[in-house]
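**Q** These protein sequence lines are chains A and B, in that order.
Residue numbering for the first sequence follows the working numbering, beginning at 4 and increasing consecutively.
Residue numbering for the second sequence follows the working numbering, beginning at 4 and increasing consecutively.
C-beta atoms are modelled at their ideal positions from N, C-alpha and C, and glycine is treated no differently.
Just so you know, these numbers come straight off a predicted model, no measurement behind them.
Once you've had a glance at the structure underneath, I'll fire off some questions.
There are 2 protein chains.
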Amino acid sequence: MSAILAPLTATVFGIGAGPGDPELLTLRAATVLRSAALVIAPRATPEQDSVVLAIVREYVPSGCEILEAVFPMSDDFGQRASAAAGAADLLAAAAREGRAAVMVTLGDAMTYSTWGYVLRELSTRHVDVPVETVPGVTSFAAAAARLGEPLAEGSDPLLVWPATLPGDLAELLALAPNVVALKVGRTLEALVDAAREAGARVAAVRRLGMQGERVAEDAADLLGGKADYLTTAIVHKEKR
Amino acid sequence: MSAILAPLTATVFGIGAGPGDPELLTLRAATVLRSAALVIAPRATPEQDSVVLAIVREYVPSGCEILEAVFPMSDDFGQRASAAAGAADLLAAAAREGRAAVMVTLGDAMTYSTWGYVLRELSTRHVDVPVETVPGVTSFAAAAARLGEPLAEGSDPLLVWPATLPGDLAELLALAPNVVALKVGRTLEALVDAAREAGARVAAVRRLGMQGERVAEDAADLLGGKADYLTTAIVHKEKR
């Protein structure tokens, strides 16, 4: 193809689609999705539907190509890098054909998101392709709104912990009286116990804005039910 | 007025309007604003225009009453409580007249936001008035998107620090290799120095999505200019 006939390279977008409720997409995200020619949505296993695809589907135009790409939740660096490289190649190829290519992720695009890995692949291996990241509402901001309780105020730090909390929760709370624990599935009971020992309160929300939503001002109310990966807990310790 | 003729009490909304770009409002926020009868926007001093009002103004219908309420940035608890009580009373009174009443705040409504104080006044002194909080995109999520660099990944904690950082940044970075420092005005130089000593990188954005925007992958590039309250710095320390 001669340079004159080659289409202009389109932009690749990484969109944070928010925590679950389609109304919590940003206006920018909705605008970008409405003009998308390719949408890639991550899912955890080949058997599971993509959670984020359900959020954005109503904004995706008919005729838009939709791909669900498996991003394993494991810490296997090789698996993750190969999934990210694959997604980056597909997005870049579409953009070079002049098609607006979008990757969607749950919550914010830069906060514990698969987009970060794809972005790195794009910026090292497809430097000619323009990229825009559209930030989104995090699960913990939405959880605080739903609980009606501020995440953090005044000069108090906020600590966001993405995995199993380390041994001494009381020590963390001495540094930051507000601790957000993400993806608290089977570890919720241990967290509730640790908070009780530390004299702190724990609230939790599960599947916020999705089917099966549970909102608990006292996270203990969620124990006993089926553990779910999409659970966010917020620990607050009052000052003396 | 007889009970039969009294209007239905409307909902009071607290809206996180995002970091600056009107396109980063959520769809929910835009919908609520379009039906608002009263909008209260905080400002720091009687002389300064409200930053958040400039973000939302295009979505506010003509005929909507707009009030700018002074919320002093000082730590004076009494001043702040009295400003919050005043705003809560106005919002509740409007809602009882059946008018949709909205308070808008910069960033997310539950993350270091004046809405938290107003919400507390509403929930203690106006318990009959229904309230909804609409979460928003934080300044730090938007800063990371603009810088093209993830805020936090994998199992690394994220620490958000709203005021002057404490003495030992290296110690904080040992706990959380990603530290967000909010409202870094005149303290930016000290932060840049401390990060250099700790072997960490600092990026910063100033007035993101607003007039006078500055984006610096190396925060040192912002030194020497006029300090601005609306500056967000992101410190990353690579693992060894």
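Consider the Cβ of A:T141: report whether some Cβ of chain B lies at a distance smaller than 8 angstroms.
**A** Here residue 141 of chain A is taken as the residue at index 138 of the first sequence, counted from 1. Yes, because at least one Cβ of chain B sits closer than 8 angstroms to the Cβ of A:T141.
**Q** Taking only beta-carbon positions, decide if A:A90 is within less than 8 angstroms of chain B.
**A** Start at 1 with the first residue of the first sequence, and residue 90 of chain A comes out as number 87. A:A90 does not count as touching chain B.
**Q** By how many angstroms is the C-alpha of B:Q82 removed from the C-alpha of B:I18?
**A** Against the second sequence, residue 18 of chain B aligns to sequence position 15. Against the second sequence, residue 82 of chain B aligns to sequence position 79. Each residue's Cα considered, the two are about 22 angstroms apart.
**Q** Could you name the residues of the same chain whose beta carbon sits closer than 7 angstroms to that of A:A13, not counting the 5 residues immediately before and after it, in chain order?
**A** Here residue 13 of chain A refers to the residue found at position 10 of the first sequence. Once the five neighbours on either side are set aside, the close Cβ partners of A:A13 are A98, G101, R102, A103 and A104.
**Q** Roughly how many angstroms lie between the CA atoms of A:S53 and A:V130, to the nearest whole one?
**A** Locating residue 53 of chain A in the first sequence gives position 50, counting from the first residue. Locating residue 130 of chain A in the first sequence gives position 127, counting from the first residue. Rounded to whole angstroms, A:S53 to A:V130 spans 28 angstroms at the Cα level.
**Q** Helix, strand or coil for A:L28 per DSSP?
**A** For the purposes of this step, residue 28 of chain A is taken as residue 25 along the first sequence, with counting starting at 1. If DSSP states are grouped into helix, strand and coil, A:L28 belongs with coil.
**Q** Looking only at C-alpha atoms, which of A:M113, A:L162, A:A155 and A:D196 sits nearest to B:A147?
**A** Reading the second sequence from its first residue, position 144 is the one you call residue 147 of chain B. When each option's Cα is compared against that of B:A147, the closest is A:M113.
**Q** Run down chain B in chain order and give the residues with a C-beta less than 8 angstroms from the C-beta of A:R31.
**A** Here residue 31 of chain A refers to the residue found at position 28 when the first sequence is read from its first residue. What A:R31 touches in chain B: D24, E26 and L27.
**Q** Output yes if chain A places a C-beta closer than 8 angstroms to the C-beta of B:E241; else output no.
**A** Numbered from 1 along the second sequence, position 238 holds the residue referred to as residue 241 of chain B. No - not a single Cβ of chain A is within 8 angstroms of the one on B:E241.
**Q** In angstroms, rounded to a whole number, what distance separates the CA positions of B:Y115 and A:L94?
**A** Within the second sequence, numbered from 1, the residue matching residue 115 of chain B stands at position 112. Within the first sequence, numbered from 1, the residue matching residue 94 of chain A stands at position 91. Whole-angstrom Cα-Cα distance: 37 angstroms.
**Q** Within 10 angstroms of its Cβ, does A:K258 collect 16 or more other Cβ (buried), or is it exposed?
**A** This structure does not reach residue 258 of chain A, given that chain A is present from 4 up to 243, and the question cannot be answered.
**Q** Consider the Cβ of B:G151: report whether some Cβ of chain A lies at a distance smaller than 8 angstroms.
**A** As a working mapping, residue 151 of chain B is identified with position 148 in the second sequence. Output row for B:G151: interface = yes.
**Q** B:L11: buried (16+ other C-beta within 10 angstroms of its C-beta) or exposed?
**A** As a working note, residue 11 of chain B is residue 8 in the second sequence. B:L11 should be labelled exposed.
**Q** For A:P75, which residues does DSSP report across the bridge?
**A** The residue you call residue 75 of chain A lines up with position 72 of the first sequence. In DSSP, A:P75 forms no bridge with anything.
**Q** Name, please, each residue of chain A whose Cβ falls closer than 8 angstroms to the Cβ of B:D106.
**A** Translated into the one-based positions of the second sequence, residue 106 of chain B becomes position 103. A quick correction: the sequence has Met, not Asp, at residue 106 of chain B. Here the premise fails: no neighbours, minimum Cβ distance about 13 angstroms.
**Q** Could you check where the alpha helix (DSSP H) with B:T117 kicks off and where it finishes?
**A** On the second sequence, position 114 is the one that residue 117 of chain B refers to. Counting along the chain, the alpha helix (DSSP H) containing B:T117 begins and ends at T117 to R128.
**Q** Which residues in the same chain have their Cβ closer than 7 angstroms to the Cβ of A:M4, if we skip the five residues on either side of it in sequence?
**A** Within the first sequence, the letter at position 1 stands for residue 4 of chain A. With a pLDDT of only 48 at A:M4, under the threshold of 50, the placement of this residue in the model should not be trusted, and no figure is reported.
**Q** Anything in chain B within Cβ reach of A:E156, meaning under 7 angstroms, just list it in chain order.
**A** Position 153 of the first sequence, counted from the start, is the residue given in the question as residue 156 of chain A. Ordered by position in chain B, the residues that pass the 7 angstroms Cβ test against A:E156 are Y115 and G119.
**Q** Determine, using beta-carbon pairs with one atom in the stretch 55-67 of chain B and one in the stretch 206-218 of chain A, whether at least three such pairs fall under 8 angstroms.
**A** Cβ pair count under 8 angstroms is below three, so no.
**Q** Does A:L176 come out as helix, strand or coil in the three-state DSSP assignment?
**A** As a working mapping, residue 176 of chain A is identified with position 173 in the first sequence. A:L176 falls in the helix class under three-state DSSP.
**Q** Determine the chain A residues that contact B:A203 at a beta-carbon separation under 9 angstroms, and present them in chain order.
**A** Translated into the one-based positions of the second sequence, residue 203 of chain B becomes position 200. Simply none; closest approach about 17 angstroms.
**Q** Taking 8 angstroms as the CB-CB cut-off, is A:A98 touching chain B?
**A** For the purposes of this step, residue 98 of chain A is taken as the residue at position 95 of the first sequence. Output row for A:A98: interface = no.
**Q** Give a yes or no on whether 8 angstroms exceeds the smallest Cβ distance from B:L122 to chain A.
**A** Taking the second sequence and counting its residues from 1, the one referred to as residue 122 of chain B is at position 119. It does; some Cβ of chain A falls within 8 angstroms.
**Q** Check whether the Cβ atoms of B:V187 and B:A144 sit closer than 8 angstroms, and answer yes or no.
**A** Counting from 1 along the second sequence, the entry for residue 187 of chain B is found at position 184. Counting from 1 along the second sequence, the entry for residue 144 of chain B is found at position 141. Result no, Cβ atoms of B:V187 and B:A144 do not sit closer than 8 angstroms.
**Q** Using DSSP's beta-bridge definition, name the partner residues of B:V264.
**A** Past the edges of chain B, shown from 4 to 243, lies residue 264 of chain B, and the structure says nothing about it.
**Q** Measure the C-alpha to C-alpha separation of A:L233 and A:T117 and round it to an integer number of angstroms.
**A** Counting from one through the first sequence, the residue named residue 233 of chain A turns up at place 230. Counting from one through the first sequence, the residue named residue 117 of chain A turns up at place 114. About 15 angstroms.
**Q** With three or more C-beta pairs closer than 8 angstroms as the rule, is the stretch 148-158 of chain A touching the stretch 192-207 of chain B?
**A** Short answer: they don't touch.
**Q** Note down, in chain order, every chain A residue with its Cβ under 9 angstroms from the Cβ of B:L162.
**A** Residue 162 of chain B sits at position 159 when you count from the first residue of the second sequence. Result: P160, L161, L162, V163, L178 and A179.
**Q** So for A:T141, helix, strand or coil by DSSP?
**A** By 1-based counting over the first sequence, the position of residue 141 of chain A is 138. Coil, per DSSP.
**Q** Could you name the residues of chain A that B:D111 contacts, counting a contact when the two beta carbons are closer than 7 angstroms?
**A** Numbered from 1 along the second sequence, position 108 holds the residue referred to as residue 111 of chain B. In chain order: A144.
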